[in-house]
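**Student:**
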Amino acid sequence: RLGASRSVRFPNDVVFQDHIKQGDLEQVGRFIRARKVTLDTIYPSGMAALHEAVLTGNLDCVKLLVKYGADIHQRDENGWTPLHMACSDGYADIARYLLSLGASLEATTDDGEKPSDLIDPEYEDLVQLL
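The following block contains the structure:
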């Protein structure tokens, strides 16, 4: 039929990840409250929701996920914690927040790296923090 409209439905996890990447806190909160997603699921990207939020650099999104129970110690498929990602990508504010909640400086990746091993010397805030 010409002109027939088609709709495509994406799995909730895919839509949720997109809301995280876009920094849409309202939609992220709505998905969590409606129990449409499980926060600590490892997605096909190899990461959980909190890892995805850290990579966006959005501290408010990180805080929202933690508020709803995201595990700050969870490891991705390579053994990286959210703190490893914050350090690697230069997000001192997120690293500071995760540390305030008890994130481990001693956690090691599958390659044996601690969060401090991943800091680029150009990230002076992080170098001073750790």
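Take UniProt numbering: the last position of the sequence shown gets the number 130, and nothing is skipped along the way. Glycine is no exception: its CB is placed at the ideal position from the N, C-alpha and C atoms. Computed from a predicted model, the values in this text were never measured in an experiment.
Measure from the alpha carbon of residue 130 to the alpha carbon of each residue in 58, 92, 47, 12, then state which is nearest.
**Tutor:** Answer by Cα proximity: 92.
**Student:** If residue 54 and residue 62 are in contact, beta carbons under 8 Å, what's the gap, nearest whole angstrom?
**Tutor:** The Cβ separation is near 6 Å, so the contact holds.
**Student:** Does the beta-carbon of residue 89, which I'm using as the reference point, lie nearer than 7 Å to any heavy atom of the ligand GTP?
**Tutor:** Ligands are entirely absent from the displayed structure, and the ligand GTP is therefore not among its contents.
**Student:** Tell me the residue span of the alpha helix (DSSP H) that contains residue 29.
**Tutor:** Counting along the chain, the alpha helix (DSSP H) containing residue 29 begins and ends at 25-33.
**Student:** State the start and end residues of the unbroken alpha helix (DSSP H) segment that holds residue 84.
**Tutor:** Here the alpha helix (DSSP H) through residue 84 covers 82-89.
**Student:** Looking only at its chain, what residues have a beta carbon closer than 6 Å to the beta carbon of residue 123, apart from the 5 residues adjacent to it on each side?
**Tutor:** Result list for residue 123: 90, in chain order.
**Student:** Leaving out the 5 sequence neighbours to the left and right, which residues in its chain are closer than 7 Å to residue 27 when beta-carbon positions are compared?
**Tutor:** The answer, listed in chain order, is 19.
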